[in-house]
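Chains as they are written, first to last, in the numbering used here: chain G, 42 to 272; chain F, 42 to 272. The C-beta atom is built at its ideal place from N, Cα and C for all residues, glycine as well. Small disclaimer: the values here were computed from a predicted structure and weren't measured.
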DNA sequence: CGATGAATGTCGTCA
DNA sequence: TGACGACGTTCATCG
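Below you can see the structure in the form of structure tokens.
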């Protein structure tokens, strides 16, 4: 990994075009050819970047005719697409390289899959007498997150989200339409379950006769005793 | 901006939990308190991070009881949420700070807004005799990208996307439902226009009587002579 | 490979 | 500030 602090301007040409005026920035060059251009603020997203795999050519004013004041030009070309990043360097402020080795990678806990596993194990959170039919119930248009049966024996399709938005309601609506064509299952009700449900999504769901259920992941995790410290 | 190369392990606790085992990584500390943890590969997304605004406390083994081998512990706490990043440093390899100043920011060209402007100017791309009613036609459930009239005088609602996906078709469907309740406008047809339309989206749109139109941004840009070199 | 859906999404805009 | 939609979304999974 090479780290460069430099006064530079940057142009991107590819899916769109973008331009960064002259300023001092951090340039990160990774082993796979990817390049990040960061300022001293904002979140993790760089001002501009090139995704791997990519190749970089370095041009000097001796080789090519460059704009006045440019001491070096980097041309970063994507190996797969015709996206290209052009960095004009006006002043090198710092330049260092480091050998980092391969990273063992990230271990996560608490994503939608975990939520689904927990709700399947605690299906009675949805109401007394609920029983699990199965998780990831496959249909022609994709898998229903959870299929269950309520106390009266009626089928219930559950769509799970961490954040409940309109498109999640649309998704569940499509599933319900399809499932209700199956005489063995019909009538099928829908439950939209999420840690947080947006007002518009709640309105749309209610309007379509879909029940909304807010989930408390921490509480669900606390109940599940198999869920003892991952790390 | 402070750049640290260090052998470290990282834990994130917040909306979910995540853990990074011991390895050599780049740690970027920005002026607004944000922190990025990068490996020497992958795209621009860090392995782990903290969004601004945030505050960092540095603990040493003299102050607190730390794990064996930890020479320093950073606790990065989000100022707004209770998200927290804990970085255990086992070895400092490099440490430098640089004053970057404020960045002038990015200038873009070719996003959906540009596409909309071009299509409004070249509305006859949709068919002979089309005329523009207006862009960003406001409704109770959001703005319709473009409202036009066809050669026969019928109203047409156009949803524009760079990449046409199912949710775009759903969006247009909601607009059409609403617009068709207005006796002054009804009947309103829909056109789903995008640079690229996914097969499933095309099927859904066609099934609902919505016309699909693929747009060539470069060609549209070439026709529009006001669109002379932005930079 | 392409298609599909989640994401600690992030980022802008506008009420 | 919160809701909403775009994004060079990126990312993993699955066919």
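Measuring CB to CB, does residue 198/F end up less than 8 Å from residue 217/F?
Judged by beta-carbon spacing, residue 217/F lies within the 8 Å limit of residue 198/F, meaning their Cβ atoms are closer than that value.
In whole angstroms, what separates the C-alpha of residue 209/F from that of residue 202/G?
Going by the C-alpha atoms only, they are around 20 Å apart.
Listed from N- to C-terminal order along the chain, which residues in the stretch 183-213 of chain F have their beta-carbon within a distance smaller than 7 Å of any beta-carbon of chain G?
Those residues of the stretch 183-213 of chain F that come within reach of chain G (Cβ to Cβ, closer than 7 Å) are 208 and 211.
Cross-chain neighbours of residue 145/G in chain F, by beta carbon under 7 Å:
Here the neighbours are 62 and 64.
I need the boundaries of the alpha helix (DSSP H) containing residue 244/G, first residue and last residue.
For residue 244/G, the enclosing alpha helix (DSSP H) stretches over residues 240-248.
Which residues does DSSP list as the beta-bridge partners of residue 176/F?
DSSP output for residue 176/F lists 187/F as bridge partner(s).
By the criterion of Cβ-Cβ separation under 7 Å, what are the contact partners of residue 139/G in chain F?
One finds 46, 134 and 135 in chain F with Cβ atoms closer than 7 Å to the Cβ of residue 139/G, taken in chain order.
With a threshold of 16 other CB atoms inside 10 Å of the CB of residue 50/G, please say whether the residue is buried or exposed.
By the 10 Å Cβ count, residue 50/G comes out buried.
Using a Cβ cut-off of 8 Å (strictly closer), state whether residue 85/G contacts chain F.
With 8 Å as the cut-off, residue 85/G counts as an interface residue toward chain F.
Chain G contact residues for residue 42/F, given Cβ-Cβ distances below 7 Å:
Under the 7 Å cutoff, chain G gives 67 and 81.
In chain order, what residues of the same chain lie with their CB nearer than 6 Å to the CB of residue 250/F, ignoring the 5 residues before and after it?
Closer than 6 Å at Cβ, skipping near neighbours: no residue.
Sufficient close CB pairs (3 or more, under 8 Å) joining the stretch 79-90 of chain F to the stretch 167-182 of chain F:
Segment contact: the stretch 79-90 of chain F against the stretch 167-182 of chain F, fewer than three CB-CB distances shorter than 8 Å; contact not assigned.
Residue 233/G beta carbon less than 8 Å from that of residue 205/G:
The Cβ-Cβ distance between residue 205/G and residue 233/G falls below 8 Å.
Is there a C-beta anywhere in chain F that falls below 8 Å from the one on residue 154/G?
Chain F, which has no Cβ nearer than 8 Å to the Cβ of residue 154/G, makes this no.
Are there 16 or more other CB atoms within 10 angstroms of the CB of residue 99/G, so buried, or fewer, so exposed?
The residue in question, residue 99/G, is exposed, as its Cβ has fewer than 16 Cβ neighbours within 10 Å.
Does the separation of the CB atoms of residue 103/F and residue 80/G fall below 8 Å?
Between residue 103/F and residue 80/G, the gap from beta carbon to beta carbon reaches 8 Å or more.
Whose C-alpha, out of 123/G, 131/G, 122/G and 126/G, is nearest the C-alpha of residue 109/G?
With distances taken between Cα atoms, residue 109/G lies closest to 131/G.
Taking 8 Å as the CB-CB cut-off, is residue 71/F touching chain G?
Chain G contact via Cβ: present.
Rounding to the nearest angstrom, what Cα-Cα distance links residue 245/G and residue 194/F in this structure?
Their Cα atoms are separated by approximately 33 Å.
Check residue 269/G in the structure and name its three-state DSSP category.
Confidence is the limiting factor: at residue 269/G the pLDDT is only 48, short of 50, which leaves the residue's position unreliable, though a coordinate-based value still follows. Here residue 269/G carries a coil assignment [DSSP, helix/strand/coil].
According to DSSP, what are the bridge partners of residue 53/G?
Answer by DSSP bridge pairing, in chain order: 59/G and 126/G.
Going by other Cβ atoms of all chains shown within 10 Å of its Cβ, with 16 needed for buried, is residue 137/G buried or exposed?
The residue in question, residue 137/G, is exposed, as its Cβ has fewer than 16 Cβ neighbours within 10 Å.
Within 10 angstroms of its Cβ, does residue 225/G collect 16 or more other Cβ (buried), or is it exposed?
The residue is exposed, with fewer than 16 neighbouring Cβ atoms inside 10 Å.
Can you tell which of 212/G, 44/G and 88/G has its C-alpha closest to the C-alpha of residue 135/F?
Here the closest residue by C-alpha is 44/G.
For residue 231/F, which residues in the same chain have their Cβ closer than 6 Å to its Cβ, ignoring the five residues on either side in sequence?
Here the set comprises 198, 213, 217 and 251.
In whole angstroms, what separates the C-alpha of residue 139/G from that of residue 186/G?
Between the C-alpha atoms of residue 139/G and residue 186/G there is a straight-line separation of about 45 Å.
Could you pull the start and end residues of the beta strand (DSSP E) that residue 200/G belongs to?
Looking at the DSSP string, the run of the beta strand (DSSP E) that includes residue 200/G is 196-205.
Return helix, strand or coil for residue 163/G, following the three-state DSSP convention.
If DSSP states are grouped into helix, strand and coil, residue 163/G belongs with coil.
Alpha carbon to alpha carbon, how far is residue 181/F from residue 172/F?
One alpha carbon belongs to residue 181/F, the other to residue 172/F, and they sit about 24 Å apart.
Beta-carbon neighbours of residue 59/G, restricted to chain F and to distances below 9 Å:
Under the 9 Å cutoff, chain F gives 147, 148, 149, 150 and 151.
Could you check what DSSP says for residue 158/F in three-state terms: helix, strand or coil?
In the displayed model, residue 158/F falls within a helix according to three-state DSSP.
To the nearest angstrom, how far is the alpha carbon of residue 39/F from that of residue 52/G?
Only positions 42 to 272 of chain F appear in the structure, and residue 39/F is not among them; the question remains open.
Buried or exposed (CB count within 10 angstroms, at least 16 for buried), residue 222/G:
So residue 222/G counts as exposed.
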